[in-house]
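Q: Residue numbers (our numbering): 3 to 562.
Idealized CB from N, CA, C, for every residue including glycine.
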Amino acid sequence: MDDLPTEILERILSFVPNGRPLEDDKTANPNSNLVHGNIQGHQENDQRAETEGEPVKESGEHQDLESRHTSRTSVSRKRPKVNHKPYKSVKSQNATLTTTLPKSARRSPRTNLLETLTFRRIILKSTDLAEFSSIVRGNRAAAVVWIKYQVVLPSYSRRDYARFETEKDEAANNAAFSEAIHGLFGILKSWEEEAKNNRKLADDLNIANVESPTDSGMWLSSKDAEGDKLKPRKYRRIAGERFAHSYIELHNPNDLPEHTCISKFAAESNWRNLAPSAATSILTKLDGIKEIHLYLSDNEKKCPQKRRQLRHDFALGLRQISLTSLTNFSLNYTYYTPLNHYFSPPTAYHDSSPSIDLLGEALHLVSLAPNLIRFNLSGHFVISPEVFWPRNLDFNKPLWSKLKEYHVTYSPCNPNGGWYFTRRPGLTQADDVTFSREDVSPEDSETESELGDSPGQDNRSDQSADEQSDGSTSSTEFTHEIYYPIRERIDRGDIPERGFRGWPNNEAIMPLMKAVAKAVKFMPVLKSMSLTGAVEDAYNSHKYFGGLTFKFVANDAESW
Numbered sequence: 003m004d005d006l007p008t009e010i011l012e013r014i015l016s017f018v019p020n021g022r023p024l025e026d027d028k029t030a031n032p033n034s035n036l037v038h039g040n041i042q043g044h045q046e047n048d049q050r051a052e053t054e055g056e057p058v059k060e061s062g063e064h065q066d067l068e069s070r071h072t073s074r075t076s077v078s079r080k081r082p083k084v085n086h087k088p089y090k091s092v093k094s095q096n097a098t099l100t101t102t103l104p105k106s107a108r109r110s111p112r113t114n115l116l117e118t119l120t121f122r123r124i125i126l127k128s129t130d131l132a133e134f135s136s137i138v139r140g141n142r143a144a145a146v147v148w149i150k151y152q153v154v155l156p157s158y159s160r161r162d163y164a165r166f167e168t169e170k171d172e173a174a175n176n177a178a179f180s181e182a183i184h185g186l187f188g189i190l191k192s193w194e195e196e197a198k199n200n201r202k203l204a205d206d207l208n209i210a211n212v213e214s215p216t217d218s219g220m221w222l223s224s225k226d227a228e229g230d231k232l233k234p235r236k237y238r239r240i241a242g243e244r245f246a247h248s249y250i251e252l253h254n255p256n257d258l259p260e261h262t263c264i265s266k267f268a269a270e271s272n273w274r275n276l277a278p279s280a281a282t283s284i285l286t287k288l289d290g291i292k293e294i295h296l297y298l299s300d301n302e303k304k305c306p307q308k309r310r311q312l313r314h315d316f317a318l319g320l321r322q323i324s325l326t327s328l329t330n331f332s333l334n335y336t337y338y339t340p341l342n343h344y345f346s347p348p349t350a351y352h353d354s355s356p357s358i359d360l361l362g363e364a365l366h367l368v369s370l371a372p373n374l375i376r377f378n379l380s381g382h383f384v385i386s387p388e389v390f391w392p393r394n395l396d397f398n399k400p401l402w403s404k405l406k407e408y409h410v411t412y413s414p415c416n417p418n419g420g421w422y423f424t425r426r427p428g429l430t431q432a433d434d435v436t437f438s439r440e441d442v443s444p445e446d447s448e449t450e451s452e453l454g455d456s457p458g459q460d461n462r463s464d465q466s467a468d469e470q471s472d473g474s475t476s477s478t479e480f481t482h483e484i485y486y487p488i489r490e491r492i493d494r495g496d497i498p499e500r501g502f503r504g505w506p507n508n509e510a511i512m513p514l515m516k517a518v519a520k521a522v523k524f525m526p527v528l529k530s531m532s533l534t535g536a537v538e539d540a541y542n543s544h545k546y547f548g549g550l551t552f553k554f555v556a557n558d559a560e561s562w
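1) At the level of alpha carbons, what is the spacing between Leu-288 and Ala-143?
2) Once the 5 residues before and after Asn-114 are set aside, which same chain residues still bring their CB inside 7 Å of it?
3) So, for Gln-322: in the same chain, excluding its five sequence neighbours on each side, which residues have a beta-carbon less than 6 Å away from its beta-carbon?
4) Using alpha carbons as the reference points, say which of Asp-130, Phe-121, Asn-334 and Tyr-412 lies closest to His-295.
5) To the nearest angstrom, how far is the alpha carbon of Ile-492 from that of Glu-169?
6) Are there 16 or more other CB atoms within 10 angstroms of the CB of Asp-300, so buried, or fewer, so exposed?
7) Fully enclosed by the region 277-357, which beta strand (DSSP E) runs are 3 residues long or longer?
8) Gly-242 to Val-384, Cα distance in whole Å?
9) Grab the span of the alpha helix (DSSP H) containing Thr-113 for me, first residue to last.
10) Could you tell me if Lys-292 is buried or exposed, where buried requires 16 or more neighbouring beta carbons within 10 angstroms of its beta carbon?
11) Which class does Glu-195 belong to by DSSP, given the choice of helix, strand or coil?
12) Return helix, strand or coil for Pro-414, following the three-state DSSP convention.
13) Quick one: Cα of Ser-332 to Cα of Val-146, how far?
14) Quick check on this structure: which residue in Asp-257, Arg-313 and Arg-238 has the alpha carbon closest to the alpha carbon of Ala-277?
15) Using CA atoms only, rank isn't needed, just tell me which of Lys-266, Leu-374, Arg-500 and Val-410 is closest to Ala-432.
16) How close, in whole Å, do the beta carbons of Gly-495 and Pro-340 come, if the pair is a contact with beta carbons under 8 Å?
17) Quick one: does Glu-194 have its CB under 8 Å from some CB of chain C?
18) If contact is defined by three or more beta carbon pairs under 8 Å, each pair taking one atom from either stretch, is the region 185-198 in contact with the region 257-265?
19) Leaving out five residues on either side along the sequence, give the residues of the same chain with a beta carbon under 7 Å from the beta carbon of Thr-129.
20) Please report the straight-line C-alpha distance between His-352 and Arg-122, rounded to a whole angstrom.
21) Ordered along the chain, which non-local residues of its own chain (more than five positions away) have a Cβ less than 8 Å from that of Arg-244?
22) Starting from the C-beta of Ile-511, find all residues in its chain whose C-beta is less than 6 Å away, skip the five residues before and the five after it, and write them out in chain order.
23) Kindly list the residues whose CB is nearer than 8 Å to the CB of Ile-375, restricted to its own chain and excluding five residues on each side of it in sequence; keep chain order.
24) Which value, in whole angstroms, describes the spacing of the CA atoms of Thr-534 and Thr-424?
25) Under DSSP, the alpha helix (DSSP H) around Met-512 begins and ends at which residues?
26) Quick one: grab the DSSP three-state call for Phe-166.
27) Where do the N-terminal and C-terminal ends of the alpha helix (DSSP H) with Gly-362 fall, by residue?
28) How long is the line joining the alpha carbons of Glu-117 and Ser-248, rounded to whole angstroms?
29) Would you list the residues sitting across from Phe-134 in a DSSP beta bridge?
30) The ligand MG and Pro-111: does the residue's C-beta get closer than 7 Å to at least one heavy atom of that ligand?
31) What is the C-beta distance between Asp-315 and Ser-279, in whole angstroms, given that I count them as a contact (C-beta under 8 Å)?
32) Going by DSSP in three states, Asn-175 sits in which element: helix, strand or coil?
33) Can you tell me the Cα-Cα spacing of Phe-377 and Thr-326, whole angstroms?
34) So Ile-492 is in the alpha helix (DSSP H); what residue range does that whole segment cover?
35) Please go through the same chain and pick out, in chain order, the residues whose beta-carbon is closer than 8 Å to the beta-carbon of Trp-273, but skip the five residues on each side of it.
This is the structure:
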């Protein structure tokens, strides 16, 4: 405890009779060993055991429990001789705690305080789930209020750095993710049943960092990247492109137990893409959800049909979420605007409803949650009027009775494959913004032999038979073609880079503005509203493109 924060140390000492030092406290258990930081201990010792811990000198490598920026103090303590065998550790957010405690010991206020602080915020890897289950229970489980869950996916070989994921790879990732989620929910359910509504349990769950330990090796330093370019294309690392078109899915979501204790949920897509339906499948099991924060990707451009299916499944999942207690909804659904403004974006409408934005209608229903206060869409969301006013609402007037904040940052592309913006009046094609370094043909950097005889042709005839026989690669699999970066950028509308869309296209954007105007009339307590559409360049800059911004603040409107 040499480096315990002063305020925590004072709170601990306040439990000592007459303010005596801990080594003078005759009630302390001399056989216990409590070190501020990581948890280690007998599984059987923690089973409903009432214990008291004796603080000892803390390892200098352990961080402060309450804050990384809190000042520290050093207090001398006698260290009891303990010969207990060490055990593996499970990490909490900022600290670790090691315990070897006898069953017969009595739990003291000091121990309760330390465990309450130690287990309050937990960062947990799915590979540590079994050990976490055995160590964190009872009073420790009751102390947990926030869990950041890191799902660890299977590793892969270095040779796969130059390859797209196969169906076999995707299946293994989905299985690992599903096992991790089912395992965590099983533990949370056991806490809930043990508590029997007698105490508050963890209410904030963040699913983050879904990745493989070998993902970090995909990226090279500038020096190594130069050497990598000298290799044949099939051996060059493709970085995040390996899994850019893979989406982590959840198996058997109906088997997940329902939870009432979790009120805040966040799901993030960092390097890996989490299928939106996986997030909604989890949310359907959280009956008391109050806050939802989703960070997902809508940027599937290589396979437009897959993107349409992802949006369709997302829409169906949103309709299954319990909205009774929802007060805050935030969705970052990232879509990168094509840098070639002559490019025609593909439609985002599903084949089952080629003229209706099902995702927009589903988000409209979410915004009508009876207790919703804040609603936010960002990430250059590909939006339609249905988000504000679906076509079938002419005779069923909605009411946003408690909504106070409504903010949207939308893409200049609309779901039906058009653009909300056009060329500024008075400008011509000669005024287009271009970058000569980007205006290259495929042959400028990729030889004809590398590109194949026709667009999209694979060049993998030299794959070994053993690679194909085990299912890890296949010459006919979409996910294992050789990566041609220039061709990829042309196909998704990023080369050549020609920008001119900086002015609202009235014909396209007026239906959206009218839908917003209709909706505002039924938001009686609205305090702040913004609707921002901006066209960015390759560096996410607004330096030469315009846009449209509408703000509504406390009954005062600002036009663009």
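A: Reading off the structure:
1) 18 Å
2) Asn-141
3) Thr-286
4) Asn-334
5) If you take the alpha carbons of Ile-492 and Glu-169, they lie about 26 Å apart.
6) buried
7) With a minimum length of 3 residues, the continuous beta strand (DSSP E) runs that stay inside the region 277-357 are 293-299 and 330-336.
8) 23 Å
9) 111-120
10) buried
11) helix
12) coil
13) If you take the alpha carbons of Ser-332 and Val-146, they lie about 24 Å apart.
14) Arg-313
15) Arg-500
16) Pro-340 and Gly-495 do touch by the CB rule: their CB atoms are close to 3 Å apart, below 8 Å.
17) In the displayed structure, chain C is absent; only one protein chain is listed.
18) Verdict: yes, contact present.
19) Val-154
20) Roughly 44 Å between the two C-alpha positions.
21) Asp-162, Tyr-163, Arg-165, Phe-166, Glu-167 and Met-220
22) Around Ile-511: Tyr-422.
23) Thr-329, Asn-330, Lys-404, Leu-405, Lys-406 and Glu-407
24) Taking the Cα positions, Thr-534 is about 16 Å away from Thr-424.
25) 508-522
26) coil
27) Element bounds for Gly-362: 360-369.
28) 40 Å
29) In the DSSP output, where bridge partners are listed per residue, Phe-134 has none listed.
30) Within the structure as shown, the ligand MG is missing, as the structure has no ligands at all.
31) 4 Å
32) helix
33) 15 Å
34) 487-493
35) Glu-213, Asp-217, Gly-242 and Phe-245
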